[in-house]
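Protein sequences, first through last, are from chains A and B.
When we follow numbering that gives the first Met the number 0, the leftmost residue of the first sequence carries the number 0, and every step to the right adds one.
When we follow numbering that gives the first Met the number 0, the leftmost residue of the second sequence carries the number 0, and every step to the right adds one.
Beta carbons are placed, not taken as given, at the ideal position from N, Cα and C, and that holds for glycine.
What follows is a single structure, written as structure tokens, with notes after it.
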Amino acid sequence: MSHLAYLDAGSGSLIVQAVVGGVAGVAVAAKLYWRRLVDRFRRQPTDQR
Amino acid sequence: MAISPAGLRPEPGSFRDPANRVFHDGDDVLRGLDAQAAEHWRALAGSEFFTSLLAAGKVCGTEAVEPARLAGATRWTTVLRHERIPFVSHPYEWSFTMLRDAALLHLEILRAALPAGFTTKDGSAYNLQWRGSEPVFIDVGSFEPVRDGEPWAGYRQFCQTMLYPLLLGAHLGVDFQPWLRARVDGIEADALKPLFRGLRRLSAGVPTHLHLHAAMQNRNAAATTTDVRAQLRAAGYSRELALATVRGIEKLVRRLDRPPAASHWADYQRTCGYSEQDRAGKERFVATALTGGPRPRLVLDLGANDGRYARLAARHADQVVAVEQDPAVVDTLYRALRAEGQRRILPLVMDLADPSPGGGWRGVERASFADRAAADVVLALAVVHHLAIGRNVPLAEVVAWLTDLCAPGARIVVEFVHPEDPMAQRLLANKPEGTFPDYRRAEFERLLAARCHIAGREELPSGTRTLYTAVVGG
Numbered sequence: 000m001s002h003l004a005y006l007d008a009g010s011g012s013l014i015v016q017a018v019v020g021g022v023a024g025v026a027v028a029a030k031l032y033w034r035r036l037v038d039r040f041r042r043q044p045t046d047q048r
Numbered sequence: 000m001a002i003s004p005a006g007l008r009p010e011p012g013s014f015r016d017p018a019n020r021v022f023h024d025g026d027d028v029l030r031g032l033d034a035q036a037a038e039h040w041r042a043l044a045g046s047e048f049f050t051s052l053l054a055a056g057k058v059c060g061t062e063a064v065e066p067a068r069l070a071g072a073t074r075w076t077t078v079l080r081h082e083r084i085p086f087v088s089h090p091y092e093w094s095f096t097m098l099r100d101a102a103l104l105h106l107e108i109l110r111a112a113l114p115a116g117f118t119t120k121d122g123s124a125y126n127l128q129w130r131g132s133e134p135v136f137i138d139v140g141s142f143e144p145v146r147d148g149e150p151w152a153g154y155r156q157f158c159q160t161m162l163y164p165l166l167l168g169a170h171l172g173v174d175f176q177p178w179l180r181a182r183v184d185g186i187e188a189d190a191l192k193p194l195f196r197g198l199r200r201l202s203a204g205v206p207t208h209l210h211l212h213a214a215m216q217n218r219n220a221a222a223t224t225t226d227v228r229a230q231l232r233a234a235g236y237s238r239e240l241a242l243a244t245v246r247g248i249e250k251l252v253r254r255l256d257r258p259p260a261a262s263h264w265a266d267y268q269r270t271c272g273y274s275e276q277d278r279a280g281k282e283r284f285v286a287t288a289l290t291g292g293p294r295p296r297l298v299l300d301l302g303a304n305d306g307r308y309a310r311l312a313a314r315h316a317d318q319v320v321a322v323e324q325d326p327a328v329v330d331t332l333y334r335a336l337r338a339e340g341q342r343r344i345l346p347l348v349m350d351l352a353d354p355s356p357g358g359g360w361r362g363v364e365r366a367s368f369a370d371r372a373a374a375d376v377v378l379a380l381a382v383v384h385h386l387a388i389g390r391n392v393p394l395a396e397v398v399a400w401l402t403d404l405c406a407p408g409a410r411i412v413v414e415f416v417h418p419e420d421p422m423a424q425r426l427l428a429n430k431p432e433g434t435f436p437d438y439r440r441a442e443f444e445r446l447l448a449a450r451c452h453i454a455g456r457e458e459l460p461s462g463t464r465t466l467y468t469a470v471v472g473g
């Protein structure tokens, strides 16, 4: 479904909601950041070529 | 405002969400929905949570009507009619507890919507209005099906227009009204941060909703919300988590409190020097004026203080708007009215010498007080001397302003405090002698008679105050 929200929810405002949602939320936020980190290392060799 | 040939008037404050738009058709409030919004409405109308919110009066009364009501605009496939809100007000005219109760209602609605598979597209304080002292959610177009794994899109708006103003009041004792009046989108985290340094950084809600939130916003400024939504979903963000977040915010907002401090105006009714006879005479006069004509739909009580005359007016009118400049006095009045379950009196914070201007886009998105006020009765009791002497407003201007707030044929009940009265003397003592040569009863009466028909006049037993009932255009 194409999603045309009228409001810019704000990227940071979306992530911080996970953190304020308690322990389970912090785990979600940690996982998100971990994946971003892993993705960065995976991409780096190809980026440098 | 453009008026279409059909007499339909688009609501100037309803353009931000292109999927729906509010129109006025005489007294009717209509909402046009596009094809997708119409689909969402059908799902919503069939859901149990929405029906019970409607039944409880927490969402404004809504029904589908003939799409032909918005004929000519092919964009709207479905048309809804909403209950008419007696007097539209803006969050910067509410007191602390009013904003808190409005915020709690918004969260309660979201908490009911989420398990039923719905969310709200936004989280603005402007989604709420009042029936007297009872908040009501008006933005029916805001409901949409929730997508699993997505946090609340309205959270940032909720922070900016409700949570941050409440933090200002509860933790710093700062009135939020001027902040909200100056910024239609509310207070941004970066703008509020400097006020919460040092130990204040640790106040309830501040470390996460303000400081962490601001840091996350700045750090993720380059990431699109589409990417972040996908990342959150992949990391396991669930609907239960969304619900837990809403519950957490609700718990926080419930804790935020600002007990009204004793203020100059809070003691005014007790110290303003009325004798019992004066008070009884005044109440009789006001009651006679209120009942001496067709039943008023809207009464404006200007300088309402503890709401004594607003309550009297509410016995004879559909809706009373009680305007008072001191936020603490309005908050005390609101708390009392809410406890009484009073649905006919809406208390508002506003300085009469600096009433709400038009705001937002082109200055019409949020209508000015003057544009909203079309009263059937205006009560201006013990207020003229504050404007004329306290604020140097020429007496002729005060009279012109009173008549401008009136619908055609309206009645004005106005009290003129003679210059010899102790309260007028107290105000005059702060001004250079001879500043107000025109501040005389005869001059006031002449100015009033030039614009109105004076239908009643009574001097109170103290002999230093006169009451008038004036019929506008009479």
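Can you tell me where the beta strand (DSSP E) with residue i in it begins and where it stops?
| i | result |
| --- | --- |
| residue 344 of chain B | 344 to 348 |
| residue 136 of chain B | 133 to 136 |
| residue 408 of chain B | 405 to 416 |
| residue 7 of chain B | 7 to 9 |
| residue 191 of chain B | Per DSSP, residue 191 of chain B belongs to no beta strand (DSSP E); it is in the alpha helix (DSSP H), 188 to 191. |
| residue 19 of chain B | 19 to 24 |
| residue 521 of chain B | Not covered by the structure: residue 521 of chain B. The range shown for chain B is 0 to 473. |
| residue 300 of chain B | 297 to 301 |
| residue 376 of chain B | 374 to 379 |
When the cut-off is 7 Å and only beta carbons count, does residue i lie next to chain B?
| i | result |
| --- | --- |
| residue 22 of chain A | no |
| residue 19 of chain A | yes |
| residue 25 of chain A | no |
| residue 48 of chain A | In this prediction, residue 48 of chain A scores a pLDDT of 46, lower than 50, which makes its location untrustworthy; the coordinate-derived value is nonetheless stated afterwards. For residue 48 of chain A, the answer is no, since every Cβ of chain B falls outside 7 Å of its Cβ. |
| residue 36 of chain A | no |
| residue 31 of chain A | yes |
| residue 42 of chain A | no |
| residue 39 of chain A | no |
Closer than 7 Å, CB to CB, is residue i near chain A or not?
| i | result |
| --- | --- |
| residue 128 of chain B | no |
| residue 2 of chain B | Legend: pLDDT at residue 2 of chain B = 42, less than 50; position of this residue unreliable, value from coordinates given subsequently. By this cut-off, residue 2 of chain B is not an interface position. |
| residue 9 of chain B | no |
| residue 229 of chain B | no |
| residue 16 of chain B | yes |
| residue 207 of chain B | yes |
| residue 215 of chain B | yes |
| residue 77 of chain B | no |
| residue 219 of chain B | yes |
| residue 235 of chain B | yes |
| residue 185 of chain B | no |
| residue 169 of chain B | no |
| residue 204 of chain B | no |
| residue 359 of chain B | no |
| residue 243 of chain B | yes |
| residue 287 of chain B | no |
| residue 210 of chain B | no |
| residue 240 of chain B | yes |
| residue 222 of chain B | yes |
| residue 247 of chain B | yes |
With residue i as the anchor, note down where its alpha helix (DSSP H) starts and where it stops.
| i | result |
| --- | --- |
| residue 163 of chain B | 163 to 171 |
| residue 331 of chain B | 326 to 339 |
| residue 144 of chain B | Note, residue 144 of chain B: premise wrong, no alpha helix (DSSP H); beta strand (DSSP E) at 142 to 144. |
| residue 308 of chain B | 307 to 313 |
| residue 154 of chain B | 154 to 157 |
| residue 439 of chain B | Counting along the chain, residue 439 of chain B falls outside any alpha helix (DSSP H), and DSSP gives it neither H nor E. |
| residue 477 of chain B | No answer is possible for residue 477 of chain B: it lies beyond the span of chain B, which begins at 0 and ends at 473. |
| residue 322 of chain B | That residue, residue 322 of chain B, is in no alpha helix (DSSP H); its beta strand (DSSP E) goes 318 to 323. |
| residue 180 of chain B | 176 to 181 |
Should residue i go down as buried or exposed, given a rule of 16 or more other Cβ atoms within 10 Å for buried?
| i | result |
| --- | --- |
| residue 32 of chain A | exposed |
| residue 54 of chain B | exposed |
| residue 73 of chain B | exposed |
| residue 164 of chain B | buried |
| residue 197 of chain B | exposed |
| residue 9 of chain A | buried |
| residue 310 of chain B | buried |
| residue 40 of chain A | exposed |
| residue 462 of chain B | exposed |
| residue 184 of chain B | exposed |
Determine which residues share a DSSP beta bridge with residue i and list them.
| i | result |
| --- | --- |
| residue 31 of chain B | B:20 and B:78 |
| residue 257 of chain B | Answer is none; residue 257 of chain B lacks a bridge partner. |
| residue 451 of chain B | B:471 |
- request: Please name the residues in the stretch 4 to 15 of chain A whose beta-carbon is closer than 8 Å to at least one beta-carbon of chain B, in chain order.
  value: 4, 5, 6, 7, 8, 9, 10, 11, 12, 13, 14 and 15
task: Check each residue of the stretch 146 to 161 of chain B: if its Cβ is closer than 9 Å to any Cβ of chain A, include it; give the result in chain order.
output: 146, 149, 150, 151, 152, 153, 154, 155, 156 and 158
Contact residues within the stretch 26 to 54 of chain B, judged by C-beta distance below 7 Å to chain A: none
message: Using a Cβ-Cβ cutoff of 8 Å, what residues of the stretch 109 to 137 of chain B are near chain A? List them in chain order.
response: 120 and 121
- request: Check each residue of the stretch 330 to 355 of chain B: if its Cβ is closer than 7 Å to any Cβ of chain A, include it; give the result in chain order.
  value: none
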